[in-house]
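Residues in the sequence shown are numbered consecutively from 3, following the working numbering.
Below is one structure, written out as structure tokens; the observations come after it.
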Amino acid sequence: MKILVIGTTENQEECKLKFGTTHTYQVGQRFTSAQLEWADVVFDFLLNPETFDVNLYNHYNRLVFLNSTFTTLSKLIHAYVGKATFIGFCGLSTFLNRDVLEVCITNKNTKIILEDACKQLNTQYGLVADQVGFVTPRIICMIINEAYYTVEEGTAKSEDIDLAMKLGTNYPFGPFEWATRIGKKNIVALLNSIQQVTGDSRYQVCELLKKNAH
Numbered sequence: 003m004k005i006l007v008i009g010t011t012e013n014q015e016e017c018k019l020k021f022g023t024t025h026t027y028q029v030g031q032r033f034t035s036a037q038l039e040w041a042d043v044v045f046d047f048l049l050n051p052e053t054f055d056v057n058l059y060n061h062y063n064r065l066v067f068l069n070s071t072f073t074t075l076s077k078l079i080h081a082y083v084g085k086a087t088f089i090g091f092c093g094l095s096t097f098l099n100r101d102v103l104e105v106c107i108t109n110k111n112t113k114i115i116l117e118d119a120c121k122q123l124n125t126q127y128g129l130v131a132d133q134v135g136f137v138t139p140r141i142i143c144m145i146i147n148e149a150y151y152t153v154e155e156g157t158a159k160s161e162d163i164d165l166a167m168k169l170g171t172n173y174p175f176g177p178f179e180w181a182t183r184i185g186k187k188n189i190v191a192l193l194n195s196i197q198q199v200t201g202d203s204r205y206q207v208c209e210l211l212k213k214n215a216h
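This is how it looks when you write it as structure tokens:
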């Protein structure tokens, strides 16, 4: 497949790790009509929910994966009148390159197109609710937040927590290693967004995490 990555070279590398090098890739933080016409599928990592204009894809009639981590896919595409097919995914670092691609859709008819694309991309997928933070990112960010609370309380050191987490759960990273890879500012922003939507105090950001995010 011809894959257009709207994002950074790091985003492109994660796509290659996930989908393999048999596909052809282009990457950029902006795209031209010619690039869109070239692509079989687009992975848009960089969109800002506050400024994103879905009508940029008005003349594209294929598949677009939108990074809907901080909002919902339905909000991003509600004003769309074109022919592209949209699927939500988490574009935060480490969440694409997993065994199962976690995605959301707003139309059940999209599932057939999704299945075909995932076969071509040679990946399994998991459909989750169209919600802020998906499922796995919510869980991981909550674990990271709790780990910061533990350090803040003086119960354990960060390196000990990282080691215990990897040994005890078989996770690829400990919470502090994961925080560095995902980006602490991203974690704070996501937890704040989830708490704003849910009103759930479990997503209250630890002060130590806030300080480390600056």
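Cβ coordinates follow ideal geometry from the N, Cα and C atoms, glycine included.
Keep in mind that this is a model prediction, so the values were computed, not measured.
- Bridge partners of residue 45 according to DSSP: 7 and 67.
- By DSSP's assignment, residue 29 forms a beta bridge with 7.
- Non-local C-beta neighbours of residue 193 in its own chain, meaning closer than 7 Å and more than five positions away in sequence, comprise 143, 147, 205 and 207, ordered along the chain.
- For the segment 80–155, the full-length beta strand (DSSP E) segments reaching 3 residues or more read 87–91, 102–106 and 126–129 along the chain.
- Between residue 173 and residue 167, the alpha-carbon positions lie close to 7 Å from each other.
- Taken atom to atom, the span from the alpha-carbon of residue 213 to that of residue 24 is near 42 Å.
- Following the DSSP letters along the chain, one finds residue 170 inside the alpha helix (DSSP H) bounded by residues 160–171.
- Under the DSSP assignment, residue 193 falls in the alpha helix (DSSP H) whose first and last residues are 186–200.
- Scanning its chain for C-beta atoms nearer than 6 Å, with the 5 sequence neighbours on each side dropped, one finds around residue 91 the residues 67 and 105, in chain order.
- A Cβ-Cβ separation of about 6 Å places residue 149 in contact with residue 178 under the 8 Å criterion.
- The beta carbons of residue 133 and residue 71 sit about 10 Å from each other, so the pair does not count as a contact at 8 Å.
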